[in-house]
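*Asks:* Here it is: the structure, laid out below.
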Amino acid sequence: MARNLINDASGPHRGDAAMGKLPAPAPGGPGAAQAPVLRRGAVSIQRKEAAMHKKNIWRTMALVLAVVFAVGSMGFAAESAKIDLNKATVEELITLDRIGEVVAQRIVDYREQNGPFAAIEDLKKVKGVGDKIFEANKDRITVSAPANK
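Using my numbering, you'd call the opening residue of the sequence shown number 10 and step up by one each time.
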């Protein structure tokens, strides 16, 4: 290590000082007391940067998890938001694709006259509801089991 020391006007220092490393202080010379403080400060900065990096990683992970849960819960909400043909009101039925107020009222009237729908395919028995309307809505509708009287 002694052979790496360079002696010039600023005193003895290591040859790699230009690479951002601290100069080696002369024993008992000027700067000897400051060198350990500078080194401790450099380590302190490195620790702060490492802590900030860890904090950023955790923030990123939290954000990713929040997005995953949000997307997952949207699918759950969509599943639970299906319209039950045996309980839906006219107002609820008109939220379906291609179902207006007239057809929605026909669905309610059909249910009242013929009893509850046994399957979602029974919706096609209602006047004005064909294959296209059924296909457009089959993933958004459900039928509950008829209540025992």
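Every residue, glycine too, gets a C-beta built ideally from N, C-alpha and C. Given the structure is predicted, the values throughout are model-derived calculations rather than measurements.
Does the contact criterion of 3 or more C-beta pairs under 8 Å hold for the segment 70–79 versus the segment 90–99?
*Replies:* The segment 70–79 is not in contact with the segment 90–99.
*Asks:* Less than 8 Å between the CB atoms is what I'm expecting for T151 and I129, so what's the real figure, rounded?
*Replies:* Rounded, the Cβ-Cβ distance is 7 Å, consistent with contact.
*Asks:* For I108, count neighbouring Cβ atoms within 10 angstroms of its own Cβ and tell me buried if that reaches 16, exposed if not.
*Replies:* Classification of I108: buried, given that the 10 Å Cβ count is 16 or more.
*Asks:* Nearest CA to the CA of A90: which residue from Y119, R149, M70?
*Replies:* Closest by alpha carbon: R149.
*Asks:* Cα separation between K63 and S82?
*Replies:* C-alpha separation (whole angstroms): 28 Å.
*Asks:* Is T98 helix, strand or coil by DSSP?
*Replies:* The answer is coil: DSSP assigns T98 none of H, G, I, E or B.
*Asks:* Could you pull out every residue in the same chain whose Cβ sits closer than 6 Å to the Cβ of Q114, ignoring the five residues on either side in sequence?
*Replies:* V99.
*Asks:* Rounded to whole angstroms, what is the Cα-Cα separation between T104 and D140?
*Replies:* Their backbone Cα atoms lie some 18 Å apart in a straight line.
*Asks:* So A154 is in the alpha helix (DSSP H); what residue range does that whole segment cover?
*Replies:* Looking at the DSSP string, A154 is not in any alpha helix (DSSP H), and its letter there is neither H nor E.
*Asks:* For V112, which residues in the same chain have their Cβ closer than 6 Å to its Cβ, ignoring the five residues on either side in sequence?
*Replies:* Closer than 6 Å at the Cβ level, and outside the excluded window around V112, lie G137.
*Asks:* How would you write the range of the alpha helix (DSSP H) that V111 sits in, first residue to last?
*Replies:* Here the alpha helix (DSSP H) through V111 covers 110–123.
*Asks:* If we ignore side chains and look at the alpha-carbon of each, how far apart do F143 and P155 end up?
*Replies:* Going from the Cα of F143 to the Cα of P155 covers about 21 Å.
*Asks:* I103 by DSSP, collapsed to three states: which one?
*Replies:* Coil at I103, not helix or strand.
*Asks:* Can you give me the C-alpha to C-alpha distance between V135 and V73, rounded to a whole angstrom?
*Replies:* Computed Cα separation, rounded: 46 Å.
*Asks:* Determine whether the beta carbon atoms of N146 and R120 lie at a separation below 9 Å.
*Replies:* No. Outside cutoff.
*Asks:* Going by Cα to Cα distance, which pick from D106, D93, K57 is closest to P125?
*Replies:* Ranking the options by Cα distance to P125, first place goes to D93.
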